[in-house]
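Novice: Quick one: structure below, then a few questions.
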Amino acid sequence: AQTVTQSQPEMSVQEAETVTLSCTYDTSENNYYLFWYKQPPSRQMILVIRQEAYKQQNATENRFSVNFQKAAKSFSLKISDSQLGDTAMYFCAFINGGATNKLIFGTGTLLAVQP
Amino acid sequence: NAGVMQNPRHLVRRRGQEARLRCSPMKGHSHVYWYRQLPEEGLKFMVYLQKENIIDESGMPKERFSAEFPKEGPSILRIQQVVRGDSAAYFCASSPPGGYQETQYFGPGTRLLVL
Numbered sequence: 012a013q014t015v016t017q018s019q020p021e022m023s024v025q026e027a028e029t030v031t032l033s034c035t036y037d038t039s040e041n042n043y044y045l046f047w048y049k050q051p052p053s054r055q056m057i058l059v060i061r062q063e064a065y066k067q068q069n070a071t072e073n074r075f076s077v078n079f080q081k082a083a084k085s086f087s088l089k090i091s092d093s094q095l096g097d098t099a100m101y102f103c104a105f106i107n108g109g110a111t112n113k114l115i116f117g118t119g120t121l122l123a124v125q126p
Numbered sequence: 006n007a008g009v010m011q012n013p014r015h016l017v018r019r020r021g022q023e024a025r026l027r028c029s030p031m032k033g034h035s036h037v038y039w040y041r042q043l044p045e046e047g048l049k050f051m052v053y054l055q056k057e058n059i060i061d062e063s064g065m066p067k068e069r070f071s072a073e074f075p076k077e078g079p080s081i082l083r084i085q086q087v088v089r090g091d092s093a094a095y096f097c098a099s100s101p102p103g104g105y106q107e108t109q110y111f112g113p114g115t116r117l118l119v120l
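Chains as they are written, first to last, in our numbering: chain V, 12 to 126; chain U, 6 to 120.
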């Protein structure tokens with residue numbers, strides 16, 4: 012079975028500091044995509060960053076970057092210079108090829124950025 | 006360029022009533038997905054549709070739930086004879102034509118409360 016595990020239910024960081032959220036996944040597929048979505052208090056799901064498994068280079072989007080370790084099946088999210096607006100639930104998600112395109116989500120990490 | 010639209014944003018139903026949730030995908034997107042988020046949980050896949058076709062409904066409960074994406078108009082998720090356990094946030098996502106590599110963009114969700 013394909014699963015996504017986020018082992019940190021809650022995390023806290025001071026404004027302007029750096030925080031890393033962990034994610035591991037399990038799959039026997041070789042081609043797949045990984046995502047981090049953010050869900051602020053408004054409950055809207057917002058795409059933060061995505062990574063193609065065939066790319067060795069880690070994806071980066073402004074203050075957000077990932078550490079993708081394919082052999083270890085690890086996909087962590089680093090947020091630099093944390094801002095109050097980063098306070099949200101963060102979900103790691105996975106999708107692989109096949110007849111269906113369903114995203115498999117982890118249980119989420121609630122990040123609180125403290126002033 | 007409007008994003009994924011969902012309505013209503015909030016829906017209150019009494020046990021035994023029907024709930025109809027609507028989703029209009031982003032312009033140019035022909036693939037629609039429905040996910041359910043129970044309180045304090047991550048999102049769970051329900052169904053994947055293309056125009057006039059259900060591609061994967063492996064996440065849909067076998068009874069009372071149905072989904073459609075007609076040639077014209079929005080996608081509809083229908084829940085008949087609602088029960089309290091159906092209370093959740095229902096998210097619709099859409100993606101362009103293509104395979105699993107296409108990013109899914111989410112709507113704001115419909116919060117269903119069953120009294």
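Beta carbons: idealized from backbone N, C-alpha and C, even for Gly.
In the DSSP assignment, the beta strand (DSSP E) including R74(V) goes from what residue to what residue?
Specialist: Here R74(V) belongs to no beta strand (DSSP E), and DSSP marks it neither H nor E.
Novice: Using CA atoms only, rank isn't needed, just tell me which of K113(V), Q13(V), Q68(V), L114(V) is closest to T40(V).
Specialist: Reading off the sequence, residue 40(V) comes out as Glu, not Thr. Taking only the C-alpha atoms, the option nearest E40(V) is Q13(V).
Novice: I'd like to know whether the C-beta atoms of L16(U) and A7(U) end up nearer to each other than 8 Å.
Specialist: No, the pair does not count as a contact, with Cβ atoms beyond the cut-off.
Novice: For Q19(V), which of N73(V), T118(V), K113(V), P52(V) has the nearest alpha-carbon?
Specialist: Taking only the C-alpha atoms, the option nearest Q19(V) is T118(V).
Novice: Looking only at C-alpha atoms, which of L58(V), L122(V), I57(V), F46(V) sits nearest to Q94(V)?
Specialist: When each option's Cα is compared against that of Q94(V), the closest is L122(V).
Novice: So for D97(V), helix, strand or coil by DSSP?
Specialist: Helix.
Novice: Please confirm whether L26(U) and Y95(U) have their CB atoms less than 8 Å apart.
Specialist: Yes, the Cβ-Cβ distance between L26(U) and Y95(U) is below 8 Å.
Novice: When we look at the beta-carbon of G47(U) and count the other beta-carbons within 10 Å, is it buried (16 or more) or exposed?
Specialist: By the 10 Å Cβ count, G47(U) comes out buried.
Novice: Once you ignore the five residues that flank Q125(V) on each side, which residues in its own chain have a CB closer than 8 Å to its CB?
Specialist: Result list for Q125(V): S23, V24, Q25, E26, in chain order.
Novice: Note down, in chain order, all residues in the segment 80-97 of chain U with a beta-carbon under 9 Å from any beta-carbon belonging to chain V.
Specialist: Result list: A94, F96.
Novice: In the DSSP assignment, find the unbroken beta strand (DSSP E) run with V24(V) in it and report its ends.
Specialist: Run containing V24(V): 21-25, per the beta strand (DSSP E) assignment.
Novice: Using a Cβ cut-off of 9 Å, which residues of the segment 29-63 of chain V contact any Cβ in chain U, in chain order?
Specialist: For the segment 29-63 of chain V, which is checked against every Cβ of chain U, the residues closer than 9 Å are N42, Y43, Y44, F46, Y48, Q50, S53, R54, Q55, M56, I57, L58, R61, E63.
Novice: Cβ closer than 8 Å: which chain V residues qualify as neighbours of F50(U)?
Specialist: The answer, in chain order, is K113, L114, I115.
Novice: Could you tell me which residues DSSP puts in a beta bridge with L82(U)?
Specialist: For L82(U), which the question treats as bridged, DSSP gives the partners L26(U), A72(U).
Novice: Assess, as a yes-or-no matter, whether the segment 56-71 of chain U is touched by the segment 96-110 of chain U under the definition of 3 or more beta carbon pairs within less than 8 Å.
Specialist: The segment 96-110 of chain U is not in contact with the segment 56-71 of chain U.
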